[in-house]
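Residues in the sequence shown are numbered consecutively from 1, following UniProt numbering. Idealized CB from N, CA, C, for every residue including glycine.
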Amino acid sequence: MALDHTEHSLLEPRLLFTEPWDPIVVRRGDALGLLALTNVFAELVAPGLTNRVRDGRWVTIMAWCLVRSQQIAHASGSRSVSTRPEQNARYAWLRPLELMWTARTIALAEADWKERPLPGRRRVQPWYDDYSEGGEYAARFGMSEDQFRAYRQTGTYGAYRVAFRRWPEMTIGGDGWTPGPAARALAKWLDSKLGSARPNWHLHAGNGKREGISTQSAKLGRGEECRWWLQHWANFDRGGSRIEETLPRPRTELDVLPEADLLEPIIFGGNTGKRRREVAKEISDCTAKDHTGICEYLGKVLAEQEPAIALLPRFSRLADAGIAAMDLISKSLGGKSRVPLAEAASTPSAKRVCEELYAAARDWPTDETLSLRHIGSAHRFANAISSADPIACFTALLQHHEIYGGGLRWFVLRGELVEPRTGPSAAASSYRFRLWSLCRLATQCGVIDEMPAGLLDEPDEAEENGL
Numbered sequence: 001m002a003l004d005h006t007e008h009s010l011l012e013p014r015l016l017f018t019e020p021w022d023p024i025v026v027r028r029g030d031a032l033g034l035l036a037l038t039n040v041f042a043e044l045v046a047p048g049l050t051n052r053v054r055d056g057r058w059v060t061i062m063a064w065c066l067v068r069s070q071q072i073a074h075a076s077g078s079r080s081v082s083t084r085p086e087q088n089a090r091y092a093w094l095r096p097l098e099l100m101w102t103a104r105t106i107a108l109a110e111a112d113w114k115e116r117p118l119p120g121r122r123r124v125q126p127w128y129d130d131y132s133e134g135g136e137y138a139a140r141f142g143m144s145e146d147q148f149r150a151y152r153q154t155g156t157y158g159a160y161r162v163a164f165r166r167w168p169e170m171t172i173g174g175d176g177w178t179p180g181p182a183a184r185a186l187a188k189w190l191d192s193k194l195g196s197a198r199p200n201w202h203l204h205a206g207n208g209k210r211e212g213i214s215t216q217s218a219k220l221g222r223g224e225e226c227r228w229w230l231q232h233w234a235n236f237d238r239g240g241s242r243i244e245e246t247l248p249r250p251r252t253e254l255d256v257l258p259e260a261d262l263l264e265p266i267i268f269g270g271n272t273g274k275r276r277r278e279v280a281k282e283i284s285d286c287t288a289k290d291h292t293g294i295c296e297y298l299g300k301v302l303a304e305q306e307p308a309i310a311l312l313p314r315f316s317r318l319a320d321a322g323i324a325a326m327d328l329i330s331k332s333l334g335g336k337s338r339v340p341l342a343e344a345a346s347t348p349s350a351k352r353v354c355e356e357l358y359a360a361a362r363d364w365p366t367d368e369t370l371s372l373r374h375i376g377s378a379h380r381f382a383n384a385i386s387s388a389d390p391i392a393c394f395t396a397l398l399q400h401h402e403i404y405g406g407g408l409r410w411f412v413l414r415g416e417l418v419e420p421r422t423g424p425s426a427a428a429s430s431y432r433f434r435l436w437s438l439c440r441l442a443t444q445c446g447v448i449d450e451m452p453a454g455l456l457d458e459p460d461e462a463e464e465n466g467l
């Protein structure tokens, strides 16, 4: 939530609700209660990013969607985005475009669309099959009302809104809604590549004109935004000679993007952008072969600038060890309704996992007086792990998870039995510091030559969120 001020005629401040309104612990898994401190460290090394900003092309696509949806919102008579209902109305015009781009990618990238980041694809793919055959197709792109409502958080805008709030000139005043010069430039670039798939009215980004848009049609479309877009951008799934210049990139592709000259100053310019550039280049110089090694390297080379970063390697070790123990308990449950704690603690790797967690907890400086927000959460977790004995270690871990974990519980300890609750997802498991996202964007913008070896095997951030 960002705070901005109205024009001089109004004396009261206005609240710009550009973030989802559910607490972060509801939106994302935080099994050990360490997410807030993770974000503090992440902001030190990769400010103005999230782990979900993983493809520069989606930045370009969302800029186009923001410009196009603003046109229709204005034509429908909705211009302000200063209140929550007004932002809901604006997003109602934006959301169908996000999902139509997912459908467009499924249609045109037949060979490898599953390798591309497409939030909502599990619902959109069967919906598009029905749509493309010209028969009956489900409302809301195949989503239930709850899923469609949640897509504001789980979808592409939810993932990339940080770019439109914090990157220079992406939106006016960083409100997350009103396209700025940078977003309009990206939208113009993409619009020029769409060819026969371009909407049949001009982009005219930011000049207030509405040639080709029927004001009456837009007003009648309020409340039926999905149907309006499907009627008025019916050519969204057409191809052309430059298809690949318009689609989200496969996760394993690390090529420089053709729009890199536009993206590079946006992502790696300005004060925070310079910090992102510096850290990306440091990681590029690192010879470490895994995430742990990269954290150790950054803890050494950046500590002089920011002393708190010296704690990054030990925090990463503590968090990873905790999640490894959580994963082991989860695997011991399998599909069972409950399992004795002693059985989970007797698995072949339990001793090794608990010894590492205990060692990481002892290595964490619980007497650290450094002024760092949320550092108490790491102190609390480290102090809870007081033994390497698997039964004692798992007992402490399970109690900590139930009391301090954010989001849904994976499992709970009831007497001597471990009972499952909601299983972990890929997005809920590891605590990460935006390093993969940072270096993927740096590679796509030509800031570094290739993806650092230590990040190549990083697990992909889940894109589906149950959709």
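Relative to Arg52, the option among Ala163, Ile106 and Leu44 whose CA is nearest is Ala163. For Pro85, the enclosing alpha helix (DSSP H) has its first and last residue at Arg84 to Leu108.
In its chain, beyond the 5 residues on either side, Ile266 have a beta carbon closer than 6 angstroms to the beta carbon of Trp167.
With respect to the 8 angstroms criterion, Phe268 and Val412 are not classified as neighbours on the basis of their beta carbons. The DSSP assignment places 341-345 and 350-363 as complete runs of the alpha helix (DSSP H) inside the region 317-369, in order along the chain (cut-off: 4 residues). For Phe381, the enclosing alpha helix (DSSP H) covers residues Ile375 to Ala384. By the Cβ test, the region 142-162 is in contact with the region 117-128, since at least three Cβ pairs between them sit closer than 8 angstroms. Under the DSSP definition of a beta bridge, Val279 lacks any partner. Contact between the region 435-452 and the region 44-59 is established, with three or more Cβ pairs separated by less than 8 angstroms. Between Phe394 and Ile309, the gap from beta carbon to beta carbon reaches 8 angstroms or more. The bridge partners DSSP lists for Arg414 are Leu417. Thr154 and Tyr91 have their C-alpha atoms spaced approximately 14 angstroms apart. Within the model, the alpha-carbon separation for Ala107 versus Tyr137 is close to 16 angstroms. When secondary structure is reduced to three states using DSSP, Thr171 falls in the strand class. Here the alpha carbons of Leu37 and Glu43 stand approximately 10 angstroms from one another. Counting only the Cα atoms, Ile323 lies some 10 angstroms from Val353. Pro179 is bridged by DSSP to Thr171. Cβ contact annotation for His379 (same chain, cutoff 6 angstroms, sequence separation greater than five): Thr366, in chain order.
No residue range can be given for Phe433, since it is assigned to no alpha helix (DSSP H) and is classified by DSSP as neither H nor E.
Here the region 190-199 makes contact with the region 240-250; the two share three or more CB pairs at distances below 8 angstroms. Pairwise C-beta distances place the region 173-191 in contact with the region 62-81, as three or more of them are shorter than 8 angstroms. Under the DSSP assignment, Glu253 falls outside any alpha helix (DSSP H); it carries neither an H nor an E label. In the DSSP annotation of this structure, the continuous segment of the alpha helix (DSSP H) that includes Phe268 starts and ends at Ala260 to Phe268. If you check the CB distance, Arg249 and Arg121 do not come in under 8 angstroms.
When the five nearest sequence neighbours on each side are left out, the beta carbons in the same chain lying within less than 8 angstroms of the beta carbon of Ala260 are those of Gly56, Gln444, Cys445 and Gly446, in order along the chain. Beyond the five residues adjoining it in sequence on each side, Gly405 comes within less than 7 angstroms, by CB distance, of Asp30, Ala31, Leu32 and Gly33 in the same chain, given in chain order. Apart from the 5 residues on each side of it in sequence, Ile61 sits with its Cβ closer than 6 angstroms to the Cβ of Trp101 in its chain, given in chain order.
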